[in-house]
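Student: The opening residue of the sequence shown carries number 1 in the UniProt record's numbering; numbering runs sequentially from there. Note that beta-carbon positions come from the ideal geometry of N, C-alpha and C, so glycine has one too. Predicted model, so just to flag it, every value in this text is computed and none were measured. Structure provided below as structure tokens; questions to follow.
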Amino acid sequence: MLRTPTGGAGNGAAGAGERLMSIGTVLTRLQDEFPEVTISKIRFLEAEGLVEPRRTPSGYRKFSQADVERLAQVLRMQRDHYLPLKVIREHLDAVARGEQPLLPAPGPQQEAADGPSGGPGDSGPGAAADPDRPTAARIGRSELLAAAGVSPEALAEWESYGLLTAAADGSYDAGAVTVARLVADLGRFGLEPRHLRAMRAAADREAGLVEQVVAPLRRHPNPRTRARAEDTAKELATLSVRLHAALMETSLGVRIH
Numbered sequence: 001m002l003r004t005p006t007g008g009a010g011n012g013a014a015g016a017g018e019r020l021m022s023i024g025t026v027l028t029r030l031q032d033e034f035p036e037v038t039i040s041k042i043r044f045l046e047a048e049g050l051v052e053p054r055r056t057p058s059g060y061r062k063f064s065q066a067d068v069e070r071l072a073q074v075l076r077m078q079r080d081h082y083l084p085l086k087v088i089r090e091h092l093d094a095v096a097r098g099e100q101p102l103l104p105a106p107g108p109q110q111e112a113a114d115g116p117s118g119g120p121g122d123s124g125p126g127a128a129a130d131p132d133r134p135t136a137a138r139i140g141r142s143e144l145l146a147a148a149g150v151s152p153e154a155l156a157e158w159e160s161y162g163l164l165t166a167a168a169d170g171s172y173d174a175g176a177v178t179v180a181r182l183v184a185d186l187g188r189f190g191l192e193p194r195h196l197r198a199m200r201a202a203a204d205r206e207a208g209l210v211e212q213v214v215a216p217l218r219r220h221p222n223p224r225t226r227a228r229a230e231d232t233a234k235e236l237a238t239l240s241v242r243l244h245a246a247l248m249e250t251s252l253g254v255r256i257h
């Protein structure tokens, strides 16, 4: 088993003379304890800011021993405490600040809320979300117009092409602000909403593929497996976005990042 670090977040820095490892070597070291880990998983954890390996001038990742130990700690916290990555990141950040936070442990109430028999009053992490219920993650129409800096007429046109969709109560997901701003930016290049319907359709198809993989996890009888559904969805979405960017680079012959 890998040694669990006592310090906080690693930044990819290596001590003088320390031998750095490739991502393949890191994978080999981790797989003894975590046989299901993959290179894609390591890259996803990096994208989520949970590890920061060094980069060679040609862009290859190089990991220190501290990076490997930090990855092991993240994976262990997922496996043993089935915590979401956000909670793990906050815990490790607190440790890096010199604090001594206790790991949140799932109690009976949380497991009951995560179960298939949860009722409408559930408020735990596993409770089913009502997409039409206003929450802190949703905004009103006026807030969206102000945040995105668009007119009501433009928003109505975008909605007619399916680029944005309001809930039954007229609220929007907070991500609608980003969508609205990007649609407006593309419009400055002459791309009209009707041109962007293909992007909307492609995104829906990709989301459908992710949902096919994640849906069985959400229905799994093991609460640990269900708790990992969100992280799995995020990992698949991240890989999908990266693939899309790589395909665009190949098609256009330009570097996006």
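(1) Is DSSP giving I139 helix, strand or coil here?
(2) Do you know how far the Cα of R19 is from the Cα of R205?
(3) With burial defined as no fewer than 16 other Cβ atoms inside 10 Å of the residue's Cβ, what is the status of F189: buried or exposed?
(4) Using the three-state DSSP reduction, which class does L247 fall into: helix, strand or coil?
(5) Assess contact between the region 203 to 220 and the region 50 to 66, defined as three or more Cβ pairs (one per stretch) separated by less than 8 Å. Is contact present?
(6) Could you check the C-alpha separation between E36 and L92 for me, to the nearest Å?
(7) Along the chain, which unbroken stretches of the alpha helix (DSSP H) at least 4 residues long are found entirely within the UniProt domain "HTH merR-type" (37 to 94)?
(8) Return the CA-CA distance between A184 and S251, expressed in angstroms with no decimal places.
(9) Closest to R228 by C-alpha separation, out of R76, A168, V177 and L103, would be which residue?
(10) In whole angstroms, what separates the C-alpha of L50 from that of A233?
(11) Looking at C-alpha atoms only, which residue of I23, F63, V87 and R138 is the closest neighbour of D169?
(12) State yes or no: is the C-beta of R226 within less than 7 Å of the C-beta of R218?
(13) Per DSSP, what are the beta-bridge partners of M21 in this structure?
(14) So is M248 buried or exposed if we call it buried at 16+ other beta carbons inside 10 Å?
(15) With a CB to CB cut of under 8 Å and the five nearest residues on each side skipped, what residues in its chain are close to E235?
(16) Given this structure, state the Cα-to-Cα distance separating Q100 from V177, to the nearest angstrom.
(17) Rounded to the nearest angstrom, how far is the Cβ of L196 from that of L163, given a contact under 8 Å?
(18) Ignoring anything shorter than 4 residues, give me the alpha helix (DSSP H) runs that lie fully in the region 211 to 241, in order along the chain.
(19) Which residue comes first and which comes last in the alpha helix (DSSP H) that contains P152?
(20) Report all residues from its chain with a CB closer than 7 Å to the CB of V150; omit the five preceding and five following residues, and keep chain order.
(21) Taking K86 as the reference, which of R200, E230, V254 and I256 has the closest Cα?
(22) I'd like to check one pair, V74 with I88: are the Cβ atoms closer than 7 Å?
(23) Spell out the partners DSSP gives D173 in its beta bridges.
(24) Classify P116 as buried or exposed, calling it buried when 16 or more other Cβ atoms lie within 10 Å of its own Cβ.
Tutor: Taking the coordinates as given:
(1) Mapped onto the sequence shown, residue 139 falls at position 139. In the structure shown, I139 sits in a strand (DSSP, three-state: E or B).
(2) Taking the sequence shown and counting its residues from 1, one reaches residue 205 at position 205. Taking the sequence shown and counting its residues from 1, one reaches residue 19 at position 19. So the alpha carbons of these two residues sit roughly 44 Å apart.
(3) Taking the sequence shown and counting its residues from 1, one reaches residue 189 at position 189. Result: exposed.
(4) What you label residue 247 is simply residue 247 of the sequence shown in a count that begins at 1. Looking at L247 - three-state DSSP - the assignment turns out to be helix.
(5) Touching, no, given that fewer than three Cβ pairs across the two stretches are closer than 8 Å.
(6) Residue numbering aside, residue 36 sits at position 36 when the sequence shown is read from its first letter. Residue numbering aside, residue 92 sits at position 92 when the sequence shown is read from its first letter. Each residue's Cα considered, the two are about 23 Å apart.
(7) If only uninterrupted alpha helix (DSSP H) runs of at least 4 residues are considered, those enclosed by the UniProt domain "HTH merR-type" (37 to 94) are 39 to 47 and 65 to 81.
(8) Counted from its first residue, the sequence shown places residue 184 at position 184. Counted from its first residue, the sequence shown places residue 251 at position 251. For A184 and S251, the distance between alpha carbons rounds to 24 Å.
(9) As a first step, residue 228 must be located in the sequence shown, where it is residue number 228. In terms of CA proximity to R228, R76 leads the group R76, A168, V177 and L103.
(10) Stepping through the sequence shown from its first residue, residue 50 is reached at position 50. Stepping through the sequence shown from its first residue, residue 233 is reached at position 233. When rounded, the distance between both Cα atoms is 17 Å.
(11) The residue you call residue 169 lines up with position 169 of the sequence shown. The shortest Cα separation from D169 among I23, F63, V87 and R138 belongs to R138.
(12) Position 226 of the sequence shown, counting from 1, holds the residue named residue 226. Position 218 of the sequence shown, counting from 1, holds the residue named residue 218. A contact, by the Cβ cut-off of 7 Å.
(13) Looking up residue 21 in the sequence shown gives position 21. M21 pairs with F63.
(14) Stepping through the sequence shown from its first residue, residue 248 is reached at position 248. Exposed, since its Cβ has fewer than 16 Cβ neighbours within 10 Å.
(15) Position 235 of the sequence shown holds residue 235. Once the five neighbours on either side are set aside, the close Cβ partners of E235 are S40, K41 and F44.
(16) By 1-based counting over the sequence shown, the position of residue 100 is 100. By 1-based counting over the sequence shown, the position of residue 177 is 177. In this structure, the CA atom of Q100 is about 37 Å from the CA atom of V177.
(17) For this step, residue 196 is matched to residue 196 along the sequence shown. For this step, residue 163 is matched to residue 163 along the sequence shown. Right, the Cβ-Cβ distance comes to about 6 Å (below 8 Å), so this counts as a contact.
(18) DSSP runs (the alpha helix (DSSP H)) wholly in the region 211 to 241: 223 to 227.
(19) Translated into positions along the sequence shown, residue 152 becomes position 152. Per DSSP, P152 belongs to the alpha helix (DSSP H) from P152 to S160.
(20) The residue labelled residue 150 in the question sits at position 150 within the sequence shown. A distance below 7 Å between beta-carbons, with the five flanking residues on each side excluded, links V150 to the following residues of its chain, in chain order: A180 and A184.
(21) Numbered from 1 along the sequence shown, position 86 holds the residue referred to as residue 86. With respect to the C-alpha of K86, the residue from R200, E230, V254 and I256 having the closest C-alpha is E230.
(22) Start at 1 with the first residue of the sequence shown, and residue 88 comes out as number 88. Start at 1 with the first residue of the sequence shown, and residue 74 comes out as number 74. Cβ atoms of I88 and V74: closer than 7 Å.
(23) As a first step, residue 173 is located in the sequence shown; it is residue number 173 there, counting from the start. Under DSSP, D173 takes part in a beta bridge, and its partners are R138.
(24) What you label residue 116 is simply residue 116 of the sequence shown in a count that begins at 1. Interpretation of P116 is limited by its pLDDT of 34, a score under 50 that renders its predicted location unreliable; the figure taken from the coordinates is listed afterwards. P116 is exposed by the Cβ-count criterion.
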